[in-house]
Amino acid sequence: MSDNPLSIAFVWHMHQPYYKDDLTGEYILPWVRMHGIKDYYDMPALLKDFPSVRQTFNLVPSLLKQIIDYAEDGAMDRFLAATIIPAADLSTEEKVFLLKNFFMANWDTMIRPYPGYWRLLERRGTSVSADDLMSATRYFTAQDYLDLQVWFNLTWFDPLFRNSDPFLQGLLQKGGAFSEEDKALLIQKQREVMAMIVPMYRELSQAGAIELTTTPFYHPILPLLYDTDLAKVAIPDIRLPSQRFSHPEDAKAQVERALAYHEQLFGVRPAGMWPSEGSVAEEIIPLLADAGVQWIGTDEGVLARTLGTAIERDFSGVLKNPGVLYKPYLAGKGDRRVSVVFRDHTLSDLLGFVYSKWDYKNAVHDLLDRLHRIRRQVGGTGPHLVPIILDGENAWEHYQNDGRDFFLYLYERLSREEGLQCVTVSEYLKKHPAETGLERLHAGSWIYANFRIWIGHDEDNRAWDLLGRARNELEAYKASGGDADKAAQAMEEIYIAQGSDWCWWYGDDHFSENDEEFDLLFRTHLMNVYRLIGHNVPDELHVPILREDRQALPTVELTAFLSPSIDGRVTNYFEWLPAGFYDVSHGGGAMHRGSSVITHIYYGFDLRNLFLRIDPRQSLADEKVADLSFVINFLRPTGYEVEIRVLSGERRVSAVIYQGESGGRKQAGVINSVAADEIIEIAVPFETINVRQNDVVQAFVTVKRDGSEIEKWPFRGYIQFIVPTEDFEATMWQV
419 MSDNPLSIAF VWHMHQPYYK DDLTGEYILP WVRMHGIKDY YDMPALLKDF PSVRQTFNLV
479 PSLLKQIIDY AEDGAMDRFL AATIIPAADL STEEKVFLLK NFFMANWDTM IRPYPGYWRL
539 LERRGTSVSA DDLMSATRYF TAQDYLDLQV WFNLTWFDPL FRNSDPFLQG LLQKGGAFSE
599 EDKALLIQKQ REVMAMIVPM YRELSQAGAI ELTTTPFYHP ILPLLYDTDL AKVAIPDIRL
659 PSQRFSHPED AKAQVERALA YHEQLFGVRP AGMWPSEGSV AEEIIPLLAD AGVQWIGTDE
719 GVLARTLGTA IERDFSGVLK NPGVLYKPYL AGKGDRRVSV VFRDHTLSDL LGFVYSKWDY
779 KNAVHDLLDR LHRIRRQVGG TGPHLVPIIL DGENAWEHYQ NDGRDFFLYL YERLSREEGL
839 QCVTVSEYLK KHPAETGLER LHAGSWIYAN FRIWIGHDED NRAWDLLGRA RNELEAYKAS
899 GGDADKAAQA MEEIYIAQGS DWCWWYGDDH FSENDEEFDL LFRTHLMNVY RLIGHNVPDE
959 LHVPILREDR QALPTVELTA FLSPSIDGRV TNYFEWLPAG FYDVSHGGGA MHRGSSVITH
1019 IYYGFDLRNL FLRIDPRQSL ADEKVADLSF VINFLRPTGY EVEIRVLSGE RRVSAVIYQG
1079 ESGGRKQAGV INSVAADEII EIAVPFETIN VRQNDVVQAF VTVKRDGSEI EKWPFRGYIQ
1139 FIVPTEDFEA TMWQV
């Protein structure tokens, strides 16, 4: 190891919403169980062979509580209940449930590799409308349904288990015609794996191989619990709920209960805390310091706004001022101070969203090259820490082999890489304590350095108002001398409803196949407050909060002007790096859909043109793609469409602008700057769709075959941006 190595701190955030209805004992969704057998055990287990690759794991208490429920108390979710029904006894309703839900896995990496599973999906088709699912039931035998029950529960097992467990290997070799005994043993195997998870973290933590951290108990946005008015710091004109929500005592309880629960499970109080979604504010620092939290993490965007300094990168994403980011800071005043590390947003997003599409060795080489460039940049100016902090569970299903090849190669290389060392955050801070104080920590999160994901949209604000009313009702019940035990149970439901996950799915930002279930879960937890204290449930809680007409925010936001070569090729990775980036598998209506025609949409602009890039799943020369048209549908300006058609069997492409509503649509022009080869690229001049600077543009992309729509992206809502002015780039980093 060199005398002055660059320190890298990987922090993996492990979290799922609280899916359980505590009044009925039923789990509505299965994702704790499915990610439990796929991600929560293998991520730390991989490190046993690489002792020098020291890492930090952030385990949310509400996730641990659910894992233990499956491992020790026989937790039951709706998907598990549908699994254990003998296939011969399934009702029509239960068959429809299986056909709708048991293909919820990444189609490319978790279904297509298994011919038996893929044949079942092809037989069902891509539509999940109620009529089509009902129609499909007639094509499935009892054996088919049994195979589907097994495949869904089998494919979620991590390769670590699939490659080493004789029983799982036997099922994979069998490939179908499974038995009821196979299914029962498979579910037993799942519970065995769930029981291994917490002991694995405990073992590695006690051995000093990893650091464990926690998060406020039910994953709330702590600053918004403290005071929803803190949302104005980043967005002064944000629309807030009709009732101000300000309960510092709830924020304190979520923090202190998390620390106590972690200590109960692992025998030691954690030094670090990842505030949910990296959400921080100056106001919560004394609360964290008083509870004994020594360090927290958030995003580089929060640092930029705290310092009033842009975190600038060159065209390849390399920082121009690395000394600003790659060191810890101190937040707070006097003896109530907490160390803060700020994650490298670009490196974290490369792992979370980009490298899954690369050859795993090329991805590792790229990451190591970037780290070595950082080391050369900072030179001998002292110790530096590069925090790479991201979701530790949801990205890997988009990688081949669940990311196992990538991680094994990465860790092997890091184990012997000269000049780089992996550290836990606490061990780095112990050797190199934070020295630079922050005058006032900006109030924001790791997404856009603000809180707009969770507040400001009509749906989000309605959720906050419903939460506030339920909490007020509970306070009135307690003040009137209500039963203390019932009040405590009801307060637990309030804490659960304060979780960030519910508002994550409200508003314009994110979409999933389970949106309705998330909406129902939030309202159920609030209904339970009223039920527990014996009050009537308000009618408004029986009405869904979700609505259809909403903007869809990109997976990665547009950051700078573009100037792509419109040649239909990925000329280089950096050509579209500043673009808005919409990954249909992460943000679409089917979060696990892997057989869509489109995989990604990139968009951006210069002062004169809208640039759009469409990445198809199959080659544009493929006959399955050649008869399709790709249509940019504009909601604003009203009545414009751009239809892109790849000529059959060739890579010649045409783009026509249409104007008018469907009945009176007429051709309004032709766009010459369009190309199709590996990808589709087009430059739409703003003047051709009659928009000017500061106009709002709203659009979505559809795929049509013979004039009939077969896909729409975003699945719900639309992409929105404002036609830029000359100072667009200068304003991107400002508050």
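All letters in the sequence shown, in the order written, are residues 419 to 1153 by the numbering used here.
Heads up, the beta-carbon is just placed ideally off N, CA and C, and yes, glycines get one too.
The three-state secondary structure of Asn-519, taken from DSSP, is helix. Looking at Ser-844, Asn-780, Arg-791 and Ala-852, the one whose alpha-carbon comes closest to that of Lys-738 is Arg-791.
The closest CA to that of Tyr-436, considering only Trp-923, Met-618, Ser-480 and Tyr-532, is found on Ser-480.
With contact defined as three or more Cβ pairs closer than 8 Å, the stretch 767–786 and the stretch 815–826 are in contact. Under the DSSP definition of a beta bridge, Met-494 partners with Glu-444. If you draw a straight line from the Cα of Leu-643 to the Cα of Gln-434, it is about 20 Å long. In summary, Ile-502 is exposed, with fewer than 16 beta-carbon neighbours lying within 10 Å of its beta-carbon over all protein chains present. Separation of the CB atoms of Val-514 and Thr-555 is rounded to 6 Å, and the pair is thereby assigned contact status at 8 Å. Non-local beta-carbon contacts of Asn-954 in its own chain, meaning distances under 8 Å to residues more than five positions away in sequence, involve Tyr-948 in chain order. Approximately 6 Å separates the beta-carbon atoms of Gln-567 and Lys-601; this is inside 8 Å, confirming the contact.
Remark: C-beta atoms of Ile-714 and Pro-462 do not approach each other more closely than 9 Å. Going by beta carbons, Phe-1052 and Ala-1117 fall inside the 9 Å limit. Met-522 and Asp-549 have their alpha carbons spaced roughly 19 Å apart. Nearest C-alpha to Ile-653 among Val-742, Asn-868 and Trp-776: Asn-868. Excluding sequence positions up to five before and after Ile-703, its CB lies within less than 6 Å of the CB of Ala-749, Gly-750 and Val-756, all in the same chain and listed in chain order. Leu-808 is not a Cβ neighbour of Val-841, given a cutoff of 9 Å. In the same chain as Glu-695, and ignoring 5 residues on each side of it, the C-beta atoms closer than 7 Å to its own belong to Ile-639, Ser-863, Trp-864, Ile-865 and Ser-918, in chain order. The beta strand (DSSP E) runs lying completely inside the stretch 824–897 and spanning 3 residues or more are 838–840, given in chain order. Runs of the beta strand (DSSP E) spanning 3 or more residues and lying entirely within the stretch 720–800 occur at 747–751 and 754–761, in chain order.
Residue environment for Asn-890: exposed (fewer than 16 other C-beta atoms within 10 angstroms of its C-beta). According to the DSSP secondary-structure assignment, Leu-477 is paired through a beta bridge with Met-432. The three-state reading of DSSP puts Pro-577 in helix, counting H, G and I together. By DSSP's assignment, Asn-1051 forms a beta bridge with Glu-1059 and Phe-1118. Residue burial is scored here from C-beta neighbours: Arg-542 has at least 16 other C-beta atoms within 10 angstroms and is therefore classed as buried. In the three-state scheme derived from DSSP, where H, G and I count as helix and E and B as strand, Trp-1131 is classed as strand. In the three-state reduction of the DSSP assignment, Leu-976 falls in the coil class, being assigned neither a helical nor a strand state. Remark: C-beta atoms of Tyr-913 and Gln-682 do not approach each other more closely than 9 Å.
Beta-bridge analysis with DSSP links Phe-1023 to Leu-1028. Apart from the 5 residues on each side of it in sequence, Ile-455 sits with its Cβ closer than 6 Å to the Cβ of Trp-574, Phe-575, Gln-608 and Val-611 in its chain, given in chain order. Shown here, His-928 sits in coil according to DSSP, grouped into three states, outside any helix or strand.
Nearest to Lys-518 by C-alpha distance, out of Ser-734, Leu-538, Glu-911 and Pro-504, is Leu-538. In this model, Phe-940 and Lys-483 are separated by some 18 Å (Cα to Cα). Distance from the CA of Tyr-488 to the CA of Pro-448, rounded to the nearest whole angstrom, comes to 11 Å.
Going by DSSP, Leu-630 is part of the beta strand (DSSP E) stretching over 628–631.
Pro-1103 carries a strand assignment under DSSP once its states are collapsed to helix, strand and coil.
When only Cα atoms are considered, Ser-1072 and Gly-719 end up about 40 Å apart.
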